[in-house]
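Report on one structure; see the data block that follows.
Numbering (my numbering), first residue to last: 127 to 616.
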């Protein structure tokens with residue numbers, strides 16, 4: 127009897143041991159129910175990384191050289207977007223996410239046919255098809271951002287801040303060490319380099335070469351653009367949403383660290399844009415910009431927008447005095463302090479960088495030659511262009527310079543790049559989209575982001591050609607098109 131009970135007890139123990147893992151699996155049900163949001167937040171965190179697998183095709187070789195821009199690449203972030211799409215389909219959210227496209231379905235169908243013709247007419251259609259797939263992926267990512275941002279903006283901003291802090295820490299270590307950090311960072315996209323590596327981005331400061339930090343990006347300018355956009359996004363959202371008050375000090379700390387990292391990239395245009403943004407936020411706007419404690423916020427889709435009532439000089443001075451006394455409400459001055467402290471810490475380096483004559487450098491000459499090549503390329507193919515992702519394959523025939531060995535890359539202007547690859551028939555819809563975005567955001571401080579993107583896109587190509595830049599572009603425009611987001615009325 128006792129033996130049978132012991133055997134039965136042993137069987138029950140073994141059975142419970144086998145069943146327990148499956149019983150614990152029920153605790154994961156809330157996670158699985160929100161798997162799409164989890165995947166999206168992971169995508170935001172890993173947005174600045176570039177872990178991927180290149181696939182080299184015959185079309186990826188130009189002049190006997192393998193060109194990264196023409197190599198179809200499967201990135202970790204691509205896998206996250208594909209997983210996010212299937213999670214959206216599984217949860218039957220696809221129609222909701224893609225609903226903004228439904229009312230424009232005829233125009234989009236026509237545009238798709240135009241892009242398809244553009245690819246068919248291209249000399250290298252395979253890389254054009256890859257570009258089309260990437261475009262569809264980015265459109266979905268931007269639409270999902272538009273769909274989900276208002277619902278979980280706090281978590282999204284925290285996730286984006288994690289990526290900013292990660293990249294800023296790497297950049298500071300690289301600048302101090304004057305080389306790559308190494309180790310496991312290789313799997314996040316950091317490449318092995320030092321100040322003497324051929325082709326590395328060094329800055330000449332008073333006759334001395336200084337290695338510009340890369341983070342996990344392919345170039346310091348891309349890192350600077352990412353940090354600049356991230357800082358502006360945090361600044362615009364910090365006081366526009368009361369749910370962020372609990373994390374205010376964390377966000378201010380991240381803005382501070384990211385500002386330091388931005389300055390040591392020695393990216394002149396990014397630093398100038400940051401300076402202009404601070405000046406615009408702190409000085410130009412009479413209400414002291416979006417960090418002001420008394421600024422009122424209004425919803426963009428709930429009737430006519432109203433501006434705050436004008437205040438007297440006395441009330442403005444009283445408000446300023448309260449801010450100086452109360453550190454919690456002194457966010458505008460904190461922002462200005464962050465900027466001035468960062469500039470002071472690296473003033474000699476920054477001054478040496480900005481005193482260079484940028485109008486006589488080799489880089490400017492090569493950029494002008496690429497711009498001339500793009501215009502000439504468009505003149506030869508005015509309607510449909512040379513084909514999506516086909517700019518570099520045609521560049522040797524149009525480049526006015528003698529050698530392309532060290533400068534085989536896209537024209538440093540996304541508008542000229544689109545004009546050359548897509549012709550007028552694709553360039554005009556792009557301009558229309560930019561104009562519509564401007565019209566949608568012109569009464570809010572989000573306009574600052576549009577102006578920043580327009581300037582960055584006019585002087586560099588990474589917003590359209592590199593994985594991190596493409597994801598950043600899709601994310602920001604998804605944010606800009608959130609209809610019910612809180613706008614800051616200045």
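Ideal Cβ placement from N, Cα and C applies to all residues, glycine included.
DSSP places residue 312 within a helical segment (H, G or I) once states are collapsed to three. Between residue 170 and residue 289 a beta carbon distance of about 7 Å is seen, short of the 8 Å cut, so the two are scored as contacting. Beta-bridge annotation (DSSP): residue 188 is paired with 191.
Sequence-distant partners of residue 336 (beyond 5 residues in either direction) whose C-beta falls short of 6 Å from its own C-beta, in its chain, are 329.
Contact between the stretch 199-219 and the stretch 260-273 is established, with three or more Cβ pairs separated by less than 8 Å.
The shortest CA-to-CA distance from residue 537 to any of 581, 510, 501 is the one to 501. The alpha-carbon separation between residue 193 and residue 181 amounts to approximately 11 Å. Bounds of the beta strand (DSSP E) holding residue 201 are 199-201. For residue 257, the CB contacts under 6 Å within the same chain, skipping 5 residues up- and downstream, are 514, 515 in chain order.
Of the candidates 234, 605, 229, the residue whose Cα lies closest to the Cα of residue 573 is 605. C-alpha of residue 362 to C-alpha of residue 293: approximately 21 Å in a straight line. The C-alpha of residue 198 is placed about 24 Å away from the C-alpha of residue 326. If you draw a straight line from the Cα of residue 534 to the Cα of residue 393, it is about 21 Å long.
Ranked by how close their Cα comes to the Cα of residue 583, the residues 551, 499, 396 have 396 in first place. At a cut-off of 3 residues, the continuous stretches assigned as beta strand (DSSP E) that sit fully inside the stretch 329-369 are 334-337. Counting along the chain, residue 179 sits inside the beta strand (DSSP E) bounded by residues 178-180.
One thing to note: residue 348 has its Cβ within 8 Å of the Cβ of residue 594. Excluding its 5 nearest sequence neighbours in each direction, residue 603 has C-beta neighbours in its own chain below 7 Å: 268, 563, listed in chain order. DSSP, reduced to helix, strand and coil, places residue 321 outside both helices and strands of the structure shown, so it counts as coil.
Between the beta-carbon of residue 539 and that of residue 600 there is about 19 Å, and that puts the pair past the 8 Å contact cut. The criterion of a C-beta distance shorter than 8 Å is not satisfied by residue 377 and residue 388. Taking a cut-off of 8 Å on C-beta distances, the stretch 542-558 touches the stretch 504-512, as three or more cross pairs fall below it. The beta-carbon separation of residue 581 and residue 375, rounded to 31 Å, does not stay under the 8 Å limit for a contact.
In the displayed model, residue 393 falls within coil according to three-state DSSP, outside both helix and strand.
When the five nearest sequence neighbours on each side are left out, the beta carbons in the same chain lying within less than 8 Å of the beta carbon of residue 185 are those of 196, 250, 252, 253, 519, in order along the chain.
DSSP places residue 305 in the strand class (E or B) of the three-state scheme. Runs of alpha helix (DSSP H) with 4 or more residues, each lying fully within the stretch 494-577, are found at 517-524, 540-567, listed in chain order. Minimum Cα-Cα distance from residue 307 among the listed residues 278, 277, 342, 206 corresponds to 342. Looking at the backbone, the Cα of residue 305 and that of residue 566 are separated by about 44 Å.
The beta carbons of residue 300 and residue 339 sit about 4 Å from each other, so the pair counts as a contact at 8 Å.
Sequence-distant Cβ neighbours of residue 384 in its own chain, meaning closer than 7 Å and more than five residues away, are 290, 294, 353, 356, 357. With a cutoff of 8 Å on beta-carbon distance, residue 234 and residue 206 are scored as not near each other.
Around the beta carbon of residue 546, 16 or more other beta carbons sit within 10 angstroms, so the residue counts as buried.
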